[in-house]
Amino acid sequence: MRVRNSLVFGVLAGAAVFALSACDNQDPIAAGTTNTTPSTVATSTTGVSKTAAPTKTTKTKPADSPAADKDSCPVTASTLQKASGLDKGWKINSGTIKCDQNWATAGLTAPTPEQQGDGVMVFQHRDGKWAKKGEGSSLLCSEWGMPASSDLCTNA
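Heads up: the sequence shown is residues -21 to -1, 1 to 135, going by mature numbering (1 follows the signal peptide of the UniProt record, and there is no 0).
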């Protein structure tokens, strides 16, 4: 009976540690903090505990800060695909994505070779999300409102 009670106590103690660790609902990344936390795991009836290696979270800016849009690159093809509004069969070509200063361009893969062109789609990251701005094959910075310092458009 004593071994059984010790085993039950060990399991309950482990469950309590697990439950208490889940109670911390503040995301250290969103809060802009650095956190190093060792985790403790209770073992069976011997009462010995092991300490895992500490994990480190790096300091970042919260997603709702104005500076968050400055770091929106790189962007994935699936993110741009969702923002594109493309018809079925058309895909963002991940190998053609260029991203700079909250702007991105991406080539398309057409459903058939006959439909394939050389144009690109233009996207802008604003208010925390990517949005399609248009499409074309000759991108003048002034026409799109892109910064002239970006590598995505020309100034002439």
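Each residue gets a CB set at the ideal place from its N, CA and C atoms; glycine is no exception. Model, not experiment: these values are computed from the prediction.
Alpha carbon of residue i to alpha carbon of residue j, nearest angstrom
i, j, result
"Trp69", "Ala89", "5 Å"
"Gln95", "Asn72", "12 Å"
"residue 142", "Pro92", "Past the edges of the chain, shown from -21 to 135, lies residue 142, and the structure says nothing about it."
"Thr133", "Leu118", "6 Å"
"Gln60", "Asp130", "21 Å"
"Asp106", "Ser121", "21 Å"
"Thr75", "Gly113", "16 Å"
"Gly86", "Lys108", "20 Å"
"Cys52", "Met100", "16 Å"
"Thr58", "Ala110", "10 Å"
"Asp66", "Val54", "21 Å"
"Trp123", "Ser116", "13 Å"
"Trp82", "Asp97", "19 Å"
"Gln80", "Pro126", "8 Å"
"Ser128", "Ala135", "13 Å"
"Ala56", "Gly64", "13 Å"
"Thr84", "Ala62", "12 Å"
N-terminal and C-terminal residue of the alpha helix (DSSP H) that residue i is part of
i, result
"Ala62", "Ala56 to Ser63"
Check: Which runs of the beta strand (DSSP E), 3 residues or longer, sit entirely within the stretch 56 to 129?
Finding: 77 to 79, 82 to 88, 99 to 105 and 108 to 115
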